[in-house]
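Numbering (UniProt numbering), first residue to last: 1 to 255. All C-beta atoms in this analysis are idealised placements derived from N, C-alpha and C, irrespective of residue type, glycine included.
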């Protein structure tokens, strides 16, 4: 069993009098797929915000790769190896797939990020990285295509690729299969499974078939707290989970 790359201990997040997260503890193992599930309002996205540094923590500690990152801003966590894709598509629609990936790779370098649009040699600096990501995404033949004309599923894969361009150790994916058809779902499942070979994947996903198929560990949240955590088989058979919110959806199998 791999060691934990990310640990959250006693994490609390409050917005004025509202407690969005209450005493959340997580141990996310390296090179695994760790899914976070639960109904709307359970605190999943807030947890992602806190772990990635998008919003400040109220109490508790967060340790990533042996470093206390509790009070570090998001850009410092990116440099330590945390990358994230968001639920809403956020691409440069009028740039090619290759240019989107190049800008994502270049943006990690603070000295180059402000000149992302102009350096003629910048594309060459990141060519190998971009080519490797295109192959991983199965988007090689779309490298010169404008991102805005890709299918929805291809755009979501490109977003994952832009996160990979930061050369992270852990990648946070917020509902990467949202709005996809069956063929696109299969492509995304294959992509996420393959990421586990080189990265830690932390996933928010409402499609229970996908969660059960690709996860090593599942954390179930309810009202800002961890209700239960375990392997897919453990979660599938847990009556607390079934009766609380998922009912017959938590069956696994083909999404």
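As DSSP reads the structure, residue 9 sits in a beta bridge with 61.
For residue 153, the number of other beta carbons within 10 angstroms of its own is at least 16, and it is reported as buried. Taking 8 Å as the cut-off, the beta carbon of residue 148 is found closer than this to the beta carbon of residue 93. The segment 34-42 makes no contact with the segment 56-75: fewer than 3 CB pairs, one atom from each, lie closer than 8 Å. For residue 238, there is no enclosing alpha helix (DSSP H), as DSSP gives it neither H nor E. The residues 153, in chain order, have a CB closer than 8 Å to that of residue 183 in the same chain once the five nearest residues on each side in sequence are set aside. Inter-segment contact for the segment 18-31 and the segment 215-235 is present: three or more beta-carbon pairs are separated by less than 8 Å. Of all C-beta pairs linking the segment 57-64 to the segment 5-17, three or more are shorter than 8 Å, placing the two stretches in contact. Contact annotation: residue 200 and residue 169 have beta-carbon atoms nearer than 8 Å. Between residue 173 and residue 130, the CB-CB gap reaches or exceeds 8 Å. In the DSSP assignment, residue 15 is bridged to 18. According to DSSP, residue pairing for residue 37 in a beta bridge involves 220.
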